[in-house]
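Residue 134 in this note's numbering is what sits at position 90 of the sequence shown, and the numbering runs on without skipping anything.
From the three backbone atoms N, C-alpha and C, an ideal C-beta is built for every residue, glycine too.
Please read all numbers here as calculations on a predicted model, not as lab measurements.
What follows is one structure encoded as C-alpha cells, with my remarks underneath.
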Amino acid sequence: MLKVGGENVSPAEVEAKLAELPGVREVAVVAYPDPRMHEVGVAFVIRTTEGSNLTEQAVLDHVKGRIASFKIPRHVLFVDTFPMTSSGKIQKAKLRDLALEILGEPKVA
C-alpha cells in the first residue's frame, strides 16, 4: 500500500489499469519518497514488442480519467525484466532501490 498525500493507494489497482494499455506486457508500481506527498507511485513497465515505441506520456495519458489523479504514478520507467524471487514473485524492494538509483533522492522544495 502506498500513502500518497494521506490517501491509501493500492498498487494492484494502478497496475491493473496500466496493464490494460496495449503495448504493456507487465507492470509493477512501487513507492518513491516525496517531500510534499510523503510517497508517490513509480510505474515500472515491460513493453511488448509491439509497444516498443510506448512513451511515459502515453502511459500516463492512458490512466488519466480512469483512476483518481492522486493515484497516477509520478514517474514511468521502462525496463526489460523485473527482479524476481525464486518463487517467481516481483521483488518490489529491488525496484524501489532502482527507482532511487535512476531518479535520485527527492529534492526538498
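Relative to the Cα of K133, the nearest Cα in the group A63, V71, M45, N97 belongs to V71. DSSP places D124 outside both helix and strand once states are collapsed to three, so it counts as coil. Taking 9 Å as the cut-off, the Cβ atoms of V58 and G95 do not count as close. Your pair K136 and V107 does not check out as a contact, with CB atoms roughly 19 Å apart and the cut at 8 Å.
Secondary structure in the region 68–124: the alpha helix (DSSP H) runs of 4 residues or longer, each lying completely within the stretch, are 100–107 in chain order. V120 and E100 do touch by the CB rule: their CB atoms are close to 4 Å apart, below 8 Å. DSSP places L65 outside both helix and strand once states are collapsed to three, so it counts as coil. Just so you know, the alpha carbons of A102 and P77 end up roughly 24 Å apart. With contacts defined as CB atoms closer than 9 Å, L104 and I90 fail to qualify as a contacting pair. In the three-state scheme derived from DSSP, where H, G and I count as helix and E and B as strand, E51 is classed as strand. Check the Cα spacing between L139 and each of E83, A75, F114: the tightest is with A75.
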